[in-house]
Structures are given as C-alpha cells and as structure tokens.
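Below: one structure, written as structure tokens.
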Amino acid sequence: MPQSATKPFIDVLSGPRQVVPPVWMMRQAGRYLPEYREVRAKAGGFLDLCFNPELAAEVTLQPIRRFGFDAAIIFSDILVIPYALGRSVRFEVGEGPRLEPLDDPAKVATLAKHADFGKLAPVFEALKIVRSALDPKIALIGFCGAPWTVATYMVAGQGTPDQAPARMMAYRHPEAFAEIIDVLVENSIEYLLAQLAAGANALQIFDTWAGVLPPSEFARWSVEPTRRIVEGVRAKVPDAKIIGFPRGAGAQLPGFIEATGVNAVSIDWTAEPAFIRERVQSKVAVQGNLDPLVLITGGAALDRAVDDTLANFAQGRFIFNLGHGIQPETPIAHVEQMLKRVRG
Ligand code: CP3
0 MPQSATKPFI DVLSGPRQVV PPVWMMRQAG RYLPEYREVR AKAGGFLDLC
50 FNPELAAEVT LQPIRRFGFD AAIIFSDILV IPYALGRSVR FEVGEGPRLE
100 PLDDPAKVAT LAKHADFGKL APVFEALKIV RSALDPKIAL IGFCGAPWTV
150 ATYMVAGQGT PDQAPARMMA YRHPEAFAEI IDVLVENSIE YLLAQLAAGA
200 NALQIFDTWA GVLPPSEFAR WSVEPTRRIV EGVRAKVPDA KIIGFPRGAG
250 AQLPGFIEAT GVNAVSIDWT AEPAFIRERV QSKVAVQGNL DPLVLITGGA
300 ALDRAVDDTL ANFAQGRFIF NLGHGIQPET PIAHVEQMLK RVRG
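Just so it is clear: in the sequence shown, position 184 is 183 by numbering that gives the first Met the number 0, and no numbers are missing.
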C-alpha cells in the first residue's frame, strides 16, 4: 500500500521513517485552547467531561481541527482506572487530583480486584465517535497510566514532588504494594484492549514518575508491570502498536525497550541525543522531545529548539512531540510556529 493511503503515525510505529515526521502533542486537548475552556466550563467537573462521550469526543477533535495533527489522543485521564476500581477520585480546580490514600496493607486488602468497566463505557463511546469523525489518515491513540505512576497517586492520594509515599510503601510493604501493581496490570490490559476494540489505532502507556526510582526498583515496579501489560495486550491483539513513556528513564531506556517490547518510546527533553540515536532509535521509533517551556517562550529560541530536535532525531524513525504535556499558558501562535517549522 502506498504510504499516503495509510496513517503516517502508524507507519512510523511499524516500520519506515517518514520524511516529514508525524506530529502531535501530549495534552494537546487542554486549557491553552479557548475552545477547550469553553466546553470544560459547561461540562461541570473534569471527570464529568471525561465521562460525557459527546463532549470528550469534541475536545479530542478540537486540536486536530485547529492544527491538523497526525494523531488524536482520546480525552480522558490515567486516574479513571482507580475510579473504576471504586476508589474515590476528585479533581480540585488548581490543585490536581485527590484520591482516598491507599497507604497501608489493611487498606490494600480491601482493594477491588476487578474494575467496573461499565463506569468507563463513556470513554469507549467517545473513542467510537472520534474514530468515525476522524480522517482515516489520522491515528487515534488510546492510553493508560503505567501501574507505578497510577499507584503513586493511589498511595499518596495526590501528586507529590518525588512520590515519596509510594516509594516508602514499596520498601516497607512490598507485598501489599505488589498487590496494587498486580490489580493495575490486569485491569490496564483489559482497559487497553477495550480501547482498541472501540477504535484506538495505537496505545501509549504513561509512566510519568518512572524517573524517581532507583534502578532495581525501576526494573521491578516500572519495567516488569509494563512488560506484562504489553504481553497481555499482544496475547489478544498481536500487532498492537504500543508506545512507552518511562519519563526520566535516561540510561535505562535500552533495557526498558528490550524487556517490554514496545514499538516506540516517548523521551523527555533531558535525553542525550547521541545516546538515544545509537541505543534507542536503532531499535524502536522515538517520540519527543521539545521542552514545553521553550514552546511557551517562542521566538528564535523556539525555532532553534525545533531545528535541534529535528537535527537530532529526524534522520531515523521519529514522531515529533513535546518532552511532556503542553502547559496551559502556551500561546497558540507558538504551536503554529512549531508546526510550520516541522512540516516546512
Ligand atoms: O493528552 C491529552 O490531551 C489527553 C488527555 C490526558 C489528560 N491527562 C487530560 C487532563 C492525558 C493523556 C492525561 C494523562 C495523565 N493524567 C498523566 C500522565 C501524563 C502526564 O501529564 O504526566 C497524569 C500524571 C495524570 C494525572 C493528572 N490529571 C494530573 C496530575 C492532573 C492535574 C494537573 C493538571 O494539568 O491540571 C490531571 C488533570 C488533567 N488531565 C487535565 C487534563 C486536560 C487538566 C484538568 C482541567 O482541564 O481542569
């Protein structure tokens, strides 16, 4: 099939380099867009927006209409899994997520083993709406959080600077902590498979907090659970395209790729280019890694950073993205400037 008849984003995941790299942005549906803020205001709370199929589909499509990205990512959150497991999950404006802490073995003993996927039916419905509305050449990405990152929020009940509560629990009560991880592995497999069935063309596993772990703990709590998820998904869908994002994994990326079998890794802006080219991009596709702060800055600094990113990675299999999510204060004109420079 000629490349133009397929999705450039999927082509890169399964094989050849694209001359112009496909491009999308993590958190591309979000508060930097006035049309998102408008829908968000009428939806009620953040979770109300995630669980309203029409509105979730609408905000998923907004950045595609405005910028023509090569991939859409379904509008949802990694914390819908704890929610479907019956944990209390709230999003306070300006404060981020709040959950009931799961910080001792007695509480873990009461954790449900199986999520109520009926609660997530609106996410699957939104995927169907988006897939049928999207141009066939644009890929639709489904996602989940990696068990380690989801567990950090479940244990602490909120985000913390270095996820000390989850690290402490993993040292003090490794069996109870492993129980949380096992529940998340099993339910994430099922959740990702349901997203594929609803129309997702690729999957991303967000391990935002992988980089706070020492190497042996990284192997146990980040790599191994991700490996099990990839294996579980591929047991049912052998050619499932999966992107890993073990943020801050640095020198441990080659081991992560080898162990998990992901098709691509998303890298943050601290990654060393020659190392990535030689040890990572030689094996899988690479996605990243513009610093979201230079996208806020704009001007010549942004042009330089985009050029550097392309010079570093665009000779190989590459998806242009940010190194982490776009910040709410980012000017839209800077996203346009970035896209023009990437696409020429
Ligand atoms: O990328 C996308 O456009 C798809 C949607 C998406 C959201 N969250 C929407 C969201 C995705 C892929 C996520 C993943 C997510 N959620 C991660 C992993 C990736 C990352 O950014 O590190 C994590 C750690 C979370 C948990 C979470 N959700 C936090 C810590 C917060 C608060 C921080 C913030 O930016 O407000 C959220 C809320 C959230 N998730 C918002 C959005 C658009 C902002 C809520 C709002 O609109 O008020």
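Idealized CB from N, CA, C, for every residue including glycine.
Between the segment 84-104 and the segment 149-168, are three or more C-beta pairs nearer than 8 angstroms?
Yes, the segment 84-104 touches the segment 149-168.
Compute the Euclidean distance between the alpha carbons of residue 51 and residue 144, then round it to the nearest angstrom.
20 angstroms
If I'm right that residue 140 touches residue 199 with Cβ under 8 angstroms, what's the distance once you round it to whole angstroms?
6 angstroms
Bridge partner(s) assigned by DSSP for residue 263:
242 and 284.
Is it the case that the Cβ atoms of residue 301 and residue 336 are separated by a distance below 8 angstroms?
When the beta-carbon positions are compared, residue 301 and residue 336 come within less than 8 angstroms of each other.
Given a cut-off of 8 angstroms on the beta-carbon distance, is the pair residue 244 and residue 205 in contact?
yes
Since residue 311 is in the alpha helix (DSSP H), which residue starts that stretch and which ends it?
For residue 311, the uninterrupted alpha helix (DSSP H) segment begins and ends at 298-312.
Check whether the Cβ of residue 243 lies closer than 7 angstroms to any heavy atom of the ligand CP3, and answer yes or no.
no
Just to confirm my understanding: we take residue 61, look at its own chain, exclude 5 residues before and 5 after, and list those with CB closer than 7 angstroms. What are they?
28, 32, 34 and 35
Whose CA, out of 276, 282, 181 and 216, lies closest to the CA of residue 313?
276
Given a threshold of 16 other Cβ atoms within 10 Å of its Cβ, counted over all protein chains shown, does residue 259 qualify as buried or as exposed?
buried
Please determine, among 133, 249 and 256, the residue with the shortest C-alpha to C-alpha distance to residue 273.
249
Exposed unless 16 or more other CB atoms sit within 10 angstroms - verdict on residue 69
Counting Cβ neighbours within 10 Å, residue 69 comes out buried, since at least 16 surround it.
Would you identify the three-state DSSP class for residue 290, choosing helix, strand or coil?
Secondary structure at residue 290: coil, using DSSP grouped into helix, strand and coil.
Out of curiosity, what's the CA-to-CA distance linking residue 83 and residue 110?
11 angstroms
With respect to 7 angstroms, is the separation between the Cβ of residue 45 and the closest non-hydrogen atom of the ligand CP3 below this value?
yes
Figure out for me which residue from 217, 343, 305 and 58 has the closest Cα to the Cα of residue 165.
217
Specify, as a first and last residue, the run of the alpha helix (DSSP H) that residue 231 falls within.
223-235
Specify the secondary structure class of residue 196 as computed by DSSP and reduced to three states.
The three-state reading of DSSP puts residue 196 in helix, counting H, G and I together.
Taking 8 angstroms as the limit between beta carbons, can you name the residues of its chain near residue 266, skipping five residues before and five after?
252, 275, 279, 285, 286, 287, 288 and 322
By how many angstroms is the C-alpha of residue 224 removed from the C-alpha of residue 3?
Unreliable positioning characterises residue 3 in this predicted model, as indicated by a pLDDT of 46, which lies under 50. A coordinate reading is not provided.
So, using beta-carbon positions, are residue 229 and residue 261 closer together than 8 angstroms?
Yes.
Is residue 84 close to the ligand CP3? I mean its beta-carbon at under 7 angstroms from any heavy atom of the ligand.
no
Pick out the complete alpha helix (DSSP H) segments inside the segment 93-144, 4 residues or longer, and give them in chain order.
104-108 and 120-132
Using 8 angstroms as the threshold, is the C-beta distance between residue 55 and residue 150 below it?
No, these two residues do not count as a Cβ contact at 8 angstroms.
So what's residue 84 in DSSP terms, helix, strand or just coil?
coil
Residues that residue 91 bridges to, as DSSP identifies them
95
So what does DSSP say about residue 186, is it helix, strand or coil?
helix
Rounding to the nearest angstrom, what Cα-Cα distance links residue 137 and residue 14 in this structure?
17 angstroms
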